[in-house]
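Engineer: Mind looking over this structure? Questions follow.
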Amino acid sequence: MDTLANIHPGEILLEEFLKPMRISAYRLSKDTEIPQTRISMILKGRRRITADTALRLSSYFGTTAKFWLGLQDDYDIEEVSKGKSNLFKRIKSKTHQNSGE
C-alpha cells in the first residue's frame, strides 16, 4: 500500500498561507518579528515550529498556536515512527499482558 508523503508544517505555511495571500517570507519575518533565517529554514523543512513561532503565526494568520504545534507534532511523530517501526513492534503492551506479572 502506498503511503502519503509526510508534509512538513513549513510546506503548509508556504502553500496554504503565504502563496495564496501573496505574502513573502521577508514580509512575514518583518510583520511577526521572526528572524528571516528561521522562516526560511521552516519553509525548507529544516527547522521545527516552536511554541514561540506558533504563537506569532497564530496571531498573524488568525489561527491557534495549537494548530501550528499540532502540524509539527504530527510531522515529528510520523518521522520517528518511520525510522523506528521495528523497535515499536518489539515493545509489548502492558494492557494486553497478564496482570499477574
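With the working numbering, the residue at position 23 of the sequence shown is 64, and numbering never jumps.
We put the CB at the ideal spot given by N, CA and C, even for glycine.
If you're wondering where the values come from, they're calculated on a predicted model, not measured in any experiment.
1. CB residue 79 to CB residue 113, shorter than 7 Å?
2. So residue 55 and residue 84 are in contact, right, with Cβ under 8 Å, and what is the actual spacing, rounded?
3. Under the rule that 16 or more other beta-carbon atoms within 10 Å means buried, what is residue 50, buried or exposed?
4. Over the uninterrupted alpha helix (DSSP H) stretch that includes residue 73, give me the two end residues.
5. Would you identify the three-state DSSP class for residue 50, choosing helix, strand or coil?
6. What are the boundary residues of the alpha helix (DSSP H) that includes residue 99?
Structural biologist: In terms of the structure at hand:
1. Here residue 79 refers to the residue found at position 38 of the sequence shown. Here residue 113 refers to the residue found at position 72 of the sequence shown. Cβ distance not < 7 Å, so residue 79 and residue 113 don't count as in contact.
2. For the purposes of this step, residue 55 is taken as the residue at position 14 of the sequence shown. For the purposes of this step, residue 84 is taken as the residue at position 43 of the sequence shown. About 5 Å; that satisfies the 8 Å criterion.
3. Counting from one through the sequence shown, the residue named residue 50 turns up at place 9. By the neighbour-count rule (16 or more Cβ atoms within 10 Å), residue 50 is buried.
4. For the purposes of this step, residue 73 is taken as the residue at position 32 of the sequence shown. Where residue 73 is concerned, the enclosing alpha helix (DSSP H) stretches over 66-73.
5. Here residue 50 is taken as the residue at index 9 of the sequence shown, counted from 1. Helix, per DSSP.
6. Looking up residue 99 in the sequence shown gives position 58. Looking at the DSSP string, the run of the alpha helix (DSSP H) that includes residue 99 is 92-102.
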